[in-house]
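Structure first, then comments.
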Amino acid sequence: MLFTEEFVIYALLGVNLLLVLWIISIERRTRDIKVLKDREPLIKKFQNIEKRFNDCWDFEKQAKENFTVIEEKLKDNIQNIEILRFNPFKHEGMGGDQSFAFTLLNKKGTGVIVSSLYSREKVSVFTKPIIEWQSKYELSAEESEVLNRAKKSIK
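Residue numbers (the working numbering): 1044 to 1198.
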C-alpha cells in the first residue's frame, strides 16, 4: 500500500494537531507554577534559596553559641531559693512558726543562708556565707535542712 500525497498531508496535519493539543495540556499544568512565569532564571532562584538556607543555618549556630554563653553566665546567678519556717521554741510549748531560714545560692552552691529568730522580746537576723555547699560557721538544724533542700533542687 502506497501512501499518497493526500494521505501524508492528512497524517502530518493529524500529528501537528496532536502536538498542539499536547502543548496546550502542558501549558495548563504549568500555568500555576510561579517560577516558570518569572523572567528570573531558575538557577538564580535556587541560589537565592540556598543563600537563605545558609543564613538560617548561620543564625542557628550563632543562637546556640549565645545560649551556651548565657547558660554559663546563669550558673553564677542566684537560682536556688529555699525557705523554711519554724518555731525555735516548740519544745517549750510556746510561739509559732514566725522564725525562718532561707537560702540564696547559685548552681555552684555559693551564696548565703539568712535566718531569723523571732521571740517576744526581739527579732534576730543572721547571715552565713556558703561556698560550694559548705559554711565555715556552724549551721543550725533548720539551716542545714534548707541548705540540703536547695542542693536537691538543683537541675
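Virtual Cβ for every residue (Gly too), placed ideally from N, Cα, C.
Computed from a predicted model, the values in this text were never measured in an experiment.
Under the three-state reduction of DSSP, Asn-1123 is assigned to strand. For a cut-off of 8 Å, the C-beta gap from Phe-1143 to Ile-1156 is around 11 Å, too long to register as a contact. By the Cβ neighbour-count rule, Val-1189 is buried, with 16 or more other Cβ atoms within 10 Å of its own. Contact annotation: Leu-1148 and Ile-1113 have beta-carbon atoms that are not nearer than 8 Å. Note that the C-beta distance between Glu-1175 and Thr-1153 is below 8 Å. Shown here, Leu-1182 sits in coil according to DSSP, grouped into three states, outside any helix or strand. If you check the CB distance, Asp-1140 and Phe-1129 come in under 8 Å.
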